[in-house]
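First residue of the sequence shown: 256, per my numbering; consecutive thereafter. To start, the structure itself, in structure tokens.
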Amino acid sequence: MALRPASPPPPPPLPPTHRPDLFSVERCLHDALERGLSGLGPEDDSCDSSRTQAEYNDAWTADACRILAAFITRATAKLDLKRYKTACVVRIIEKRQQRFCSHFAALWNSDCDGYCSVIHETDTLVAHALLMLVYWD
């Protein structure tokens, strides 16, 4: 039985061709969170300032977090993030005269990965959206 020569090691992964503009990603995240909380759909571009602000209701909070995360993911898909995987986490908590503090930690490559975080407050709720961008070769 003859031994086969060892195959050469795989080539190293290619570096990112461009980093996403985190400012435009954050602006898109902020707009999507505000539209989602106000009940606007993705195709509705009206800027009616007479809309009422969202109020906290524990009956719909869990579903609203899932729906807002999907809505934000779909809204940020329009940006040029072809080589990035995105993950969105939305939290909605009741606001009762207290502060909101959130911490986030991740292990990743700081040269090409990143995140955006947006907080939206009304009189009765605090909504926090976190969008993570991980380079995917």
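We put the CB at the ideal spot given by N, CA and C, even for glycine.
Checklist entry - Where does the unbroken alpha helix (DSSP H) through E376 begin, and where does it stop? => result Per DSSP, E376 belongs to no alpha helix (DSSP H); it is in the beta strand (DSSP E), 369 to 376.
Checklist entry - How many Å lie between R282 and K337 at the Cα? => result 18 Å
Item to check | Rounded C-alpha distance that separates D378 from P264 | outcome: 58 Å
Checklist entry - Candidates V381, V389, Y390: which alpha carbon is nearest C320's? => result V381
Item to check | Option nearest F326 by Cα separation, candidates E289, L388, N364, F355 | outcome: E289
Next on the checklist: Which same chain residues end up closer than 6 Å to H383 when comparing Cβ atoms and leaving out the 5 residues on each side of it in sequence?
Outcome noted: R346, S357, I374
Item to check | Neighbourhood of Y311 by C-beta distance below 6 Å, restricted to the same chain and skipping five residues each side | outcome: E349, T379, L380
Item to check | Alpha-carbon spacing of P260 relative to T328, whole angstroms | outcome: 47 Å
Next on the checklist: Would L334 and V280 qualify as a contact pair, given that the criterion is a beta-carbon distance under 8 Å?
Outcome noted: yes
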